[in-house]
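Chains A and B, in that order, are what the protein sequence lines are.
Going by the numbering used here, the residue at position 139 of the first sequence is 139; the numbering climbs one at a time, nothing skipped.
Going by the numbering used here, the residue at position 64 of the second sequence is 64; the numbering climbs one at a time, nothing skipped.
Quick reminder that beta carbons are idealized off the backbone N, C-alpha and C, glycines included.
None of the values given here were measured: they were computed from a predicted structure.
There are 2 protein chains.
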Amino acid sequence: MSRERDFIDRLKPLARHPAARGLADDAAVLELGNVVLVLTHDMIVEGVHYLPGDPPGDVAWKLVAVNLSDLAAKGARPVGVLLGYSLDVAAERDTAFIAGLREALDAFAVPLLGGDTVQTPAGAPRAHGLTAIGEAPPHGAPRRAGAQAGDILYMTGEVGAAGLGLAIAKGEREGPAEWLAAYRRPQPRLVEGQALAPLVHAMADISDGLLIDAMRMAEAGGLAVEIDLEAVPIPEGADRMAAITAGDDYELLFAGPGNLSLSQPHLAKISAIGRFTSGHGLSLTDRSGAVPLPERLGYEHDAP
Amino acid sequence: MSRERDFIDRLKPLARHPAARGLADDAAVLELGNVVLVLTHDMIVEGVHYLPGDPPGDVAWKLVAVNLSDLAAKGARPVGVLLGYSLDVAAERDTAFIAGLREALDAFAVPLLGGDTVQTPAGAPRAHGLTAIGEAPPHGAPRRAGAQAGDILYMTGEVGAAGLGLAIAKGEREGPAEWLAAYRRPQPRLVEGQALAPLVHAMADISDGLLIDAMRMAEAGGLAVEIDLEAVPIPEGADRMAAITAGDDYELLFAGPGNLSLSQPHLAKISAIGRFTSGHGLSLTDRSGAVPLPERLGYEHDAP
Numbered sequence: 001m002s003r004e005r006d007f008i009d010r011l012k013p014l015a016r017h018p019a020a021r022g023l024a025d026d027a028a029v030l031e032l033g034n035v036v037l038v039l040t041h042d043m044i045v046e047g048v049h050y051l052p053g054d055p056p057g058d059v060a061w062k063l064v065a066v067n068l069s070d071l072a073a074k075g076a077r078p079v080g081v082l083l084g085y086s087l088d089v090a091a092e093r094d095t096a097f098i099a100g101l102r103e104a105l106d107a108f109a110v111p112l113l114g115g116d117t118v119q120t121p122a123g124a125p126r127a128h129g130l131t132a133i134g135e136a137p138p139h140g141a142p143r144r145a146g147a148q149a150g151d152i153l154y155m156t157g158e159v160g161a162a163g164l165g166l167a168i169a170k171g172e173r174e175g176p177a178e179w180l181a182a183y184r185r186p187q188p189r190l191v192e193g194q195a196l197a198p199l200v201h202a203m204a205d206i207s208d209g210l211l212i213d214a215m216r217m218a219e220a221g222g223l224a225v226e227i228d229l230e231a232v233p234i235p236e237g238a239d240r241m242a243a244i245t246a247g248d249d250y251e252l253l254f255a256g257p258g259n260l261s262l263s264q265p266h267l268a269k270i271s272a273i274g275r276f277t278s279g280h281g282l283s284l285t286d287r288s289g290a291v292p293l294p295e296r297l298g299y300e301h302d303a304p
Numbered sequence: 001m002s003r004e005r006d007f008i009d010r011l012k013p014l015a016r017h018p019a020a021r022g023l024a025d026d027a028a029v030l031e032l033g034n035v036v037l038v039l040t041h042d043m044i045v046e047g048v049h050y051l052p053g054d055p056p057g058d059v060a061w062k063l064v065a066v067n068l069s070d071l072a073a074k075g076a077r078p079v080g081v082l083l084g085y086s087l088d089v090a091a092e093r094d095t096a097f098i099a100g101l102r103e104a105l106d107a108f109a110v111p112l113l114g115g116d117t118v119q120t121p122a123g124a125p126r127a128h129g130l131t132a133i134g135e136a137p138p139h140g141a142p143r144r145a146g147a148q149a150g151d152i153l154y155m156t157g158e159v160g161a162a163g164l165g166l167a168i169a170k171g172e173r174e175g176p177a178e179w180l181a182a183y184r185r186p187q188p189r190l191v192e193g194q195a196l197a198p199l200v201h202a203m204a205d206i207s208d209g210l211l212i213d214a215m216r217m218a219e220a221g222g223l224a225v226e227i228d229l230e231a232v233p234i235p236e237g238a239d240r241m242a243a244i245t246a247g248d249d250y251e252l253l254f255a256g257p258g259n260l261s262l263s264q265p266h267l268a269k270i271s272a273i274g275r276f277t278s279g280h281g282l283s284l285t286d287r288s289g290a291v292p293l294p295e296r297l298g299y300e301h302d303a304p
């Protein structure tokens, strides 16, 4: 078990309020008056969640996008963000951060409401946090738990481009600009999440890797899940096993009945990629039958 | 101008939503449905906002307290917090952090709703963030702006003990245990803030020092403020000028009519310490007349 997961398990006794959803979900869902709030806070640390050489504007974009992706997984409409920012040693890099922050907030039509700015000791890796506040969809925010035996596992878009983009950013390979963009400027599936929320039995975003996030959804529902590897959309030229264990794609993963479709033409493609059954654990198949699980199912760094 | 303040000024064009209050207040105040939310996020950085040797449970307490103090300044009732925590290299220090977090959340009856846990590179100073969510008082959350010419400047409790406690924690002096406790386990004035909110014209917490926070309140209201030094309650044995420029006391500072009093006996003492007049700037007096301003009015590290 990762240090993060162990720590979160030890926080659970402090989070008995129903809004905390047992710290098992992408976001908290808090009823207050006639409003249902969806609340999430993710941090990113230099050298851990982003590369020291990543352009500051892209770091800002990603900080916004990963938090809005948690709102998307709850079908929430974003209403604002609070920023916790550690100043750079170079003021022009702060300026570039603000420019990327503005682009992200404009792109997703979310206002900055407040936050905090701090200095860190010179030379230390910096950490930034963002809190996103959203309003839950009218018929309730889907949970990570909730899949039913017989449900189909679906996903939006494709997985793997961000992982390839990370390899490009590290100088380990070359590839098209859209892979690098998938890593540096992910697009949270806000519109899709809002459209899907009334239709699904369970939903989460794919932040740590398709396999690990699918297994967590099955575990949360007390079920087994089987994924048909050939049904998973991946970028042309990508290694399939790398794509399904890479993180940072921020697509939506959801469980629902077999006839589920999104009728609006401007939304991301959805693909049926597997099935929930009674039992437990994750299994993989392709046309030749069962496929062994890879040793690593995804990243563990991103706690829910 | 400090780096933090300059950065916040450059964020202001991104924060035009009225809930952001121009980034000039202790917290955002967001109307949603029939609810008015008060939202704040503060970060603390090892070696900047706390000493590497501070007990982890006290760091947790302080992280909760400083954010709840921002809610107190808006007269808000806390409804929950989100934690952004950077793991220690030593797991037992994480355990101690959780214990202090639990004590603070229990003491102020606030639930943990969610958040994030991250690893930081070994040896790097760590940063933690906390978002506090509250509900505004029925008749509205006071602003930092709002003082009127002729208003009296009031404060709760006394200032200076936390600064003395910091000196004890650094090994620079000795002193009673309550000074160290004032630094390590500050008590946000939640009950007082809720009681005062309907009575005041402006309110803020004293986080960076009495003088700097009083000057900010005057500036926000387009007024001058004069403080009667001998009216400011300070701990017995404290240096007066040090006490009024020390931070971290988390008392409330507010403007209101001359006859303002808190009738409930269990609340902190309130003291009338000065007066707002037309004009601008901060001036100090004692029984012998005008007193020159000290060079440093308080800390600049804590952005609103």
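What does DSSP give as the partner residues of residue 244 (chain B) in its beta bridges?
-> Beta-bridge pairing links residue 244 (chain B) to no other residue.
8 Å CB neighbourhood of residue 298 (chain B) in its chain, flanking five on each side removed | 208, 209, 210, 211, 212, 213, 245, 246, 247
In the DSSP assignment, find the beta strand (DSSP E) that holds residue 77 (chain B) and state where it starts and stops.
-> 77 to 86
Beta carbon of residue 107 (chain A), beta carbon of residue 249 (chain A): below 7 Å?
-> No, Cβ-Cβ distance for residue 107 (chain A) and residue 249 (chain A) is not below 7 Å.
For residue 34 (chain B), count neighbouring Cβ atoms within 10 angstroms of its own Cβ and tell me buried if that reaches 16, exposed if not.
-> The Cβ neighbour count for residue 34 (chain B), taken over all protein chains shown within 10 Å, is under 16; the residue is labelled exposed.
Nearest-angstrom Cα distance between residue 64 (chain A) and residue 39 (chain B)?
-> 17 Å
Please confirm whether residue 258 (chain B) and residue 152 (chain B) have their CB atoms less than 7 Å apart.
-> yes
For residue 158 (chain A), three-class secondary structure by DSSP | coil
Compute the distance between the beta-carbons of residue 146 (chain B) and residue 201 (chain B), then report whether it is under 7 Å.
-> yes
At 9 Å on the CB atoms, spell out the chain B contacts of residue 209 (chain A), in chain order.
-> Neighbours of residue 209 (chain A) on chain B: none; closest Cβ ~17 Å, over 9 Å.
Would you please state the rounded distance, in angstroms, between the beta carbons of residue 141 (chain A) and residue 74 (chain A)? I believe it to be under 8 Å.
-> 4 Å
Cβ-Cβ separation, residue 125 (chain A) to residue 45 (chain A) (assumed contact under 8 Å), whole Å | 6 Å
Inter-residue Cα distance where the pair is residue 224 (chain A) and residue 68 (chain B) = 43 Å
Please name the residue in A:134, A:110, A:84 whose C-alpha comes closest to that of residue 120 (chain A).
-> A:84
So, using beta-carbon positions, are residue 132 (chain B) and residue 112 (chain A) closer together than 7 Å?
-> no
With 8 Å as the limit, tell me which residues of the stretch 86 to 107 of chain A have their beta carbon closer than that to any beta carbon of chain B; keep them in chain order.
-> 86, 87, 91, 94, 95, 98, 101, 102, 105
Chain B contact for residue 291 (chain A) (CB, 7 Å cutoff) | no
Is it the case that the Cβ atoms of residue 192 (chain B) and residue 267 (chain B) are separated by a distance below 7 Å?
-> yes
Please check if any C-beta of chain A sits within less than 7 Å of the C-beta of residue 10 (chain B).
-> yes
Exposed or buried, residue 165 (chain B), counting other C-beta atoms within 10 Å across all chains shown (16 or more means buried)?
-> Buried is the call here.
Backbone CA spacing between residue 306 (chain B) and residue 169 (chain B) [nearest angstrom] = There is no way to answer for residue 306 (chain B), as the model of chain B reaches only from 1 to 304.
Express the C-alpha separation of residue 263 (chain A) and residue 188 (chain A) in angstroms, rounding to a whole number.
-> 19 Å
Following the continuous alpha helix (DSSP H) through residue 32 (chain A), name the residue where it begins and the one where it ends.
-> Per DSSP, residue 32 (chain A) belongs to no alpha helix (DSSP H); it is in the beta strand (DSSP E), 28 to 32.
Got a sec? Which residues, its chain only, sit under 7 Å from residue 18 (chain A) by beta carbon, not counting five neighbours each side?
-> For residue 18 (chain A), where only same-chain residues beyond five positions count, there are no Cβ hits under 7 Å.
Check each candidate in B:286, B:239, B:96, B:57 and name the one with the smallest Cα separation from residue 181 (chain B).
-> B:57
Residue 4 (chain B): contacting residues in chain A (beta-carbon distance under 8 Å) = 87, 117, 118, 119
Cβ of residue 186 (chain B) within 7 Å of any chain A Cβ = no
Return the residues of the stretch 22 to 39 of chain B that lie within a Cβ-Cβ distance of less than 7 Å from chain A, sorted by chain order.
-> 23, 27, 28, 30, 32, 33, 34, 35, 39
Contiguous alpha helix (DSSP H) assignments of at least 4 residues, all confined to the stretch 208 to 263 of chain B = 210 to 221, 240 to 245
Near-chain A residues of the stretch 60 to 78 of chain B (beta-carbon distance less than 7 Å), N- to C-terminal order | Within the stretch 60 to 78 of chain B, not one residue has a Cβ closer than 7 Å to any Cβ of chain A.
Cα-Cα separation between residue 100 (chain A) and residue 94 (chain A), rounded to whole angstroms | 10 Å
Within the 7 Å Cβ cut-off, does residue 84 (chain A) reach chain B?
-> yes
Does DSSP put residue 304 (chain B) in a helix, a strand or coil?
-> Only weak support exists for where residue 304 (chain B) lies, its pLDDT of 34 falling under 50; the value from the coordinates is given anyway. The answer is coil: DSSP assigns residue 304 (chain B) none of H, G, I, E or B.
Is the shortest distance between the beta-carbon of residue 45 (chain B) and the beta-carbons of chain A less than 7 Å?
-> yes
Cβ separation of residue 114 (chain B) and residue 82 (chain B), assumed to be a contact under 8 Å, to the nearest whole Å = 5 Å
Can you give me the Cβ contacts of residue 199 (chain B) inside the same chain, cut-off strictly under 7 Å, excluding the 5 residues immediately before and after it?
-> Correct list, in chain order: 256, 260.
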